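Those letters in the sequence shown? Residues 409 to 722, per the working numbering, in order.
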Amino acid sequence: MSALEPTLARICSYHLGFTDENGHPGPAPNGKLTRSALMLAAADGVGVRPEAVRCQAAALELLHNATLVHDDIIDGDELRRGRPAAWKVFGTGPAILAGDALQSLALRMVVDDPGPGRTEISGLFAEVTDLVLAGQAREFTVRADPRAGTAEYERIVEDKTSALLECALVTPALRAGRPQHVVAALRGAGRHLGLAFQILNDVEDIWGDPSVTGKPVRSDIERRNPSFPVLAALSADGTAAGRLRGLWDADGTSAAYLQELADLVEECGGRHTAEKLSRGHLDSALEHLGRAGLTPAASTALTALFDRIVHRTP
Numbered sequence: 409m410s411a412l413e414p415t416l417a418r419i420c421s422y423h424l425g426f427t428d429e430n431g432h433p434g435p436a437p438n439g440k441l442t443r444s445a446l447m448l449a450a451a452d453g454v455g456v457r458p459e460a461v462r463c464q465a466a467a468l469e470l471l472h473n474a475t476l477v478h479d480d481i482i483d484g485d486e487l488r489r490g491r492p493a494a495w496k497v498f499g500t501g502p503a504i505l506a507g508d509a510l511q512s513l514a515l516r517m518v519v520d521d522p523g524p525g526r527t528e529i530s531g532l533f534a535e536v537t538d539l540v541l542a543g544q545a546r547e548f549t550v551r552a553d554p555r556a557g558t559a560e561y562e563r564i565v566e567d568k569t570s571a572l573l574e575c576a577l578v579t580p581a582l583r584a585g586r587p588q589h590v591v592a593a594l595r596g597a598g599r600h601l602g603l604a605f606q607i608l609n610d611v612e613d614i615w616g617d618p619s620v621t622g623k624p625v626r627s628d629i630e631r632r633n634p635s636f637p638v639l640a641a642l643s644a645d646g647t648a649a650g651r652l653r654g655l656w657d658a659d660g661t662s663a664a665y666l667q668e669l670a671d672l673v674e675e676c677g678g679r680h681t682a683e684k685l686s687r688g689h690l691d692s693a694l695e696h697l698g699r700a701g702l703t704p705a706a707s708t709a710l711t712a713l714f715d716r717i718v719h720r721t722p
């Protein structure tokens, strides 16, 4: 953080969990470091020492956290990892700049690293940044028209979520100079892993445990943010789906109102469809992983990691 302007460094350090709001060190949770764990495990699989991609792993975590800072502002989420989000503590404007600073720092770290595959890896990080922004822009369209359907939603997830996981898996292969078919297999694994994770994450937002998700239950429904289970339910036929569409367009936010919305989403098959599709994408992710020709030990480790990521297990 020392490379950043002091005010921005303070906000970023708070968001990452290094410090409290006054800049004092504190044992706050700073996430599961999922993307860096994926990258280091993939490095072992393609014959690259973890140290060779440590800089990129850190940069990817910074890039991911930049999206979280901005997402909290866009979504109006007041909590992040069990404590007030950065924008609630420091204000919207400063938090926007802090997210920008994390993104800039991440890209600078990648560009400045002199190792093999530098050009390809830098291009990959730039591509991921563009995809995340494009996905966020399209998400506004879906929020304005929740009848857009699940296909457009999956495209958004591929850009906002899968792209970062693809980057984690592909970067070591680029550093190792692996052939294109290996890169393609790892890209496919990351794409399906992102879909499996996000779709099940949407389920947990409605029916999960806030102590696990770190956010109030049904926050997406309260904001009328059409997640996958909701989109699937809204496109269903029948009386329950019709009632859901009517209630969705109204402004009710009481606990009883949100409970009825959640019940209708489940009655219309939104939860079942989401859970089934998530399992299918996880299976596809593992299938692509098997095509990458990684070492057996790394394949075993990544298989277990994929499962933990999707199901949020320790």
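Where is the CB? At the ideal position from N, CA and C, for every residue including glycine. It should be emphasised that the depicted structure is a prediction, and the values quoted were computed from it without experimental measurement.
Per the C-alpha coordinates, the member of 638, 543, 680 positioned closest to residue 649 is 638. Annotated as distal: residue 453 and residue 692, with beta-carbon spacing of 9 Å or more. Sixteen is the threshold: since fewer than 16 other Cβ atoms of the shown chains lie within 10 Å of the Cβ of residue 701, the residue is exposed. Assignment of residue 711 by DSSP, reduced to helix, strand and coil, places it in the helix class. Secondary-structure assignment with DSSP links residue 427 through a beta bridge to 433.
Rounded to whole angstroms, the gap between the alpha carbons of residue 443 and residue 587 is 22 Å.
Under the three-state reduction of DSSP, residue 414 is assigned to helix.
In the three-state reduction of the DSSP assignment, residue 651 falls in the helix class, which pools H, G and I. Here residue 488 is bridged, per DSSP, to 491. Look at residue 634 here: in three-state DSSP terms it is coil, with no helix or strand label. One thing to note: residue 449 has its Cβ within 9 Å of the Cβ of residue 713.
Contact check for residue 565 and residue 539: beta-carbon distance about 11 Å, past the 8 Å limit, so the pair fails to qualify. Within the same chain, and ignoring the five residues on either side of residue 473 in sequence, the residues whose Cβ sits closer than 7 Å to its Cβ are 423, 424, 510.
The DSSP-derived three-state label of residue 421 is helix. In the structure shown, residue 517 adopts helical secondary structure according to DSSP, grouped into three states. Of the candidates 694, 579, 541, 574, the residue whose Cα lies closest to the Cα of residue 521 is 579. Counting along the chain, residue 684 sits inside the alpha helix (DSSP H) bounded by residues 678 to 699.
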